[in-house]
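Chains as they are written, first to last, in this note's numbering: chain A, -11 to 240; chain B, 194 to 401.
Listed below in structure tokens is the structure:
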């Protein structure tokens, strides 16, 4: 049986790892290769690198960083941020990424998903979605450009459309929860896992070990992603896995 | 020197990175002379079976690999590269493989309540004691595949239970396959590549 994955997320800007609270304030936490190696040692199941400024400032993606990390760290690597074309995907995959995550560019042009899936395989293409609850419309709304801009899209519908286009995995961040440390957005992931049949990575809101138990016990997501709680050593991946194991969740 | 066969498939450079990290002398090549004079071969592979066979054919590499295997050169196929070692595959119609290990490649059934592709960390059960499978029992490795190999138990060193028993490490004499990605499976995966290197160094294969 497949293990549920615990994924640290490294927000990268100019080759350095940062973590923004609600995507805005940045704190330098270090060198991506050293951090990736430390997480491999801890037993992280995968690493996600997000080039956080790329989409907004149209900077080229972090090919060099990935090349360096992939030479020292031997686990699945996912890269997102600033991916606008199949050529961008190819550069990152060639540098050593296993999967590429598309977000704003896929909203503008959904054929990016299908073209990527056709060329590299659906398992390479992750659709990243930033979600925010709209109380008025009683639905989750898709945001783009690092969460700065609302769209007309409904998250659940967009997820279905993305999977139909060929996305092999969804990485969905709850903007309502991100930075709050109040736990993952359980209802969002219950709705998503009921709607699509590809692996889903839950992201945003993790503040304590029990939040991982809650997301895996109460939803069918395949992976949970966190950043600051791991980066600042509040608890470790072995702590999380020990707690999950106690609950009968399959971990590596 | 271990030659990593370079035929335009996805994971070639990551396999090279892992070999470089282990300081195992290796070269990326599609040159028949380099390949037939190597001490060992790695056949990577990601994607569809038929396309990969075509890519090997275009480069004239099928008889080269078959001849090397026949002469006893250690060969390691990874992921799709492992599947290519078998007689045939039924991915998008029937395609002949390299025929180095008896068996065939079929789709993971979709009616087992499991997601296809089989993607992520899954556990291995070692079924036969062999230096290549040493240390893999009860350890998880990283899989990404939608098809799996059906072969006789005598060729299976380890398997992973995903509704069906998926052979995860296979071996027929000097020809070895790993369905998972050793280059993406952390320390345990690197150990598998190092075990292959040992076989290349200490085996009785000599190209002379």
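Where a beta carbon is used, it is the ideal one built from N, C-alpha and C, also for glycine.
Pick from B:273, B:396, B:314 and B:366: whose alpha carbon is nearest that of residue 381 of chain B? B:314
Report the start-end ranges of each beta strand (DSSP E) in the segment 203 to 231 of chain A that is 3 residues or longer and not cut off at the edges. 211 to 214
Taking Cβ positions, are residue 279 of chain B and residue 334 of chain B nearer each other than 7 Å? no
CB contact below 7 Å: residue 298 of chain B versus chain A: no
Is it right to say residue 271 of chain B is buried, meaning 16 or more other beta carbons lie within 10 angstroms of its own, or is it exposed? buried
For residue 121 of chain A, which residues in the same chain have their Cβ closer than 6 Å to its Cβ, ignoring the five residues on either side in sequence? 128 and 164
Whole-angstrom distance between residue 75 of chain A and residue 404 of chain B, CA atom to CA atom: A query on residue 404 of chain B cannot be resolved here, the shown segment of chain B reaching from 194 to 401 and no further.
Pairing CB atoms from the segment 183 to 195 of chain A with CB atoms from the segment 158 to 173 of chain A, are three or more of them under 8 Å? yes
At the level of alpha carbons, what is the spacing between residue 185 of chain A and residue 116 of chain A? 16 Å
Could you work out which residue in A:202, A:118, A:100 and A:197 is closest to residue 152 of chain A when comparing CA atoms only? A:100
Span of the alpha helix (DSSP H) holding residue 78 of chain A? 74 to 83
Length of the line joining the Cα atoms of residue 200 of chain A and residue 210 of chain A: 11 Å
Specify the secondary structure class of residue 243 of chain B as computed by DSSP and reduced to three states. helix
Taking the beta strand (DSSP E) that residue 87 of chain A falls in, what are its first and last residues? 87 to 90
Residues of chain A with a CB under 7 Å from the CB of residue 312 of chain B: which are they? 111 and 187
Apart from the five residues just before and just after residue 255 of chain B, which ones in its own chain have a Cβ nearer than 7 Å to its Cβ? 249 and 291
At least three beta-carbon pairs within less than 8 Å, the segment 30 to 38 of chain A to the segment -10 to 0 of chain A: yes
Candidates B:329, B:245, B:298 and B:225, of which the one nearest residue 253 of chain B by Cα: B:225
Would residue 310 of chain B pass as a contact of residue 388 of chain B if the rule is Cβ separation under 7 Å? no
How big is the Cα-Cα spacing for residue 11 of chain A and residue 0 of chain A? Here residue 11 of chain A scores only 28 on pLDDT, less than 50, and its place in the model should not be relied on; the value that follows carries that caveat. When rounded, the distance between both Cα atoms is 12 Å.
Kindly indicate which three-state DSSP category residue 38 of chain A falls into: helix, strand or coil? strand
At a CB-CB cut-off below 7 Å, which residues of chain C make contact with residue 64 of chain A? As a matter of chain content, chain C is missing from the structure shown, whose protein chains are A and B.
Distance, residue 53 of chain A Cα to residue 16 of chain A Cα: Here the model assigns residue 16 of chain A a pLDDT of 46, short of 50, so the residue's position is not dependable and the matter cannot be decided.
Can you name, in chain order, every residue of its own chain whose Cβ lies under 6 Å from the Cβ of residue 208 of chain A, other than the five neighbours on each side? 181
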